[in-house]
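Chemist: One structure coming up, written as structure tokens, with questions to follow.
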Amino acid sequence: NRLVEPGGIELDGVKIDLRKVSTPSYFVSTKEDHIAKWNSTYYGALLPKGPVTFVLGGSGHIAGIVNPPHKNKYGYWTNDTLPETHEEWMEGA
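Per the working numbering, residue 1070 is the first one in the sequence shown, and the count goes up by one each step.
Here's what the structure looks like:
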């Protein structure tokens, strides 16, 4: 994944380095997503240096996003911290 490599992707002549992103970032993944597994996407949330929010929804990449929590069909997890591993994150969620 060249996006996680500093300078691995260039846009309009600017080399992208996610470690230099200081604007607030919001990451959302789903627990049962078979395409973008949350244990991998979590590590992307560790790259930016600005404020980061990571939310894990229940179900897959469609149902886990479009079903509102108030329907009690699927839930979601949050954690105010971003530990080094996704396992530690889930323990604190």
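A virtual CB, placed ideally from N, CA and C, is assigned to each residue, including glycine.
Under the rule that 16 or more other beta-carbon atoms within 10 Å means buried, what is D1081, buried or exposed?
Modeler: Mapped onto the sequence shown, residue 1081 falls at position 12. Exposed is the call here.
Chemist: Is the CB-CB distance between A1105 and H1139 below 8 Å?
Modeler: Translated into positions along the sequence shown, residue 1105 becomes position 36. Translated into positions along the sequence shown, residue 1139 becomes position 70. No, Cβ-Cβ distance for A1105 and H1139 is not below 8 Å.
Chemist: Return the CA-CA distance between G1076 and D1086, expressed in angstroms with no decimal places.
Modeler: If you number the sequence shown from 1, residue 1076 lands on position 7. If you number the sequence shown from 1, residue 1086 lands on position 17. About 6 Å.
Chemist: Could you tell me which residues DSSP pairs with L1125 in its beta bridges?
Modeler: Working through the sequence shown from its first residue, we reach residue 1125 at position 56. Paired residues: S1098, W1146.
Chemist: Would you say L1125 and S1098 are within 8 Å of each other, going by their C-beta atoms?
Modeler: Along the sequence shown, read from residue 1 onward, the residue named residue 1125 stands at position 56. Along the sequence shown, read from residue 1 onward, the residue named residue 1098 stands at position 29. For L1125 and S1098, yes; Cβs fall inside 8 Å.
Chemist: With DSSP collapsed to three states, give me the class of E1079.
Modeler: As a working note, residue 1079 is residue 10 in the sequence shown. Residue state, collapsed to three classes: strand.
Chemist: Could you check what DSSP says for K1118 in three-state terms: helix, strand or coil?
Modeler: Sequence index remark: in the sequence shown, residue 1118 carries index 49 (1-based). Looking at K1118 - three-state DSSP - the assignment turns out to be coil, as it is neither helix nor strand.
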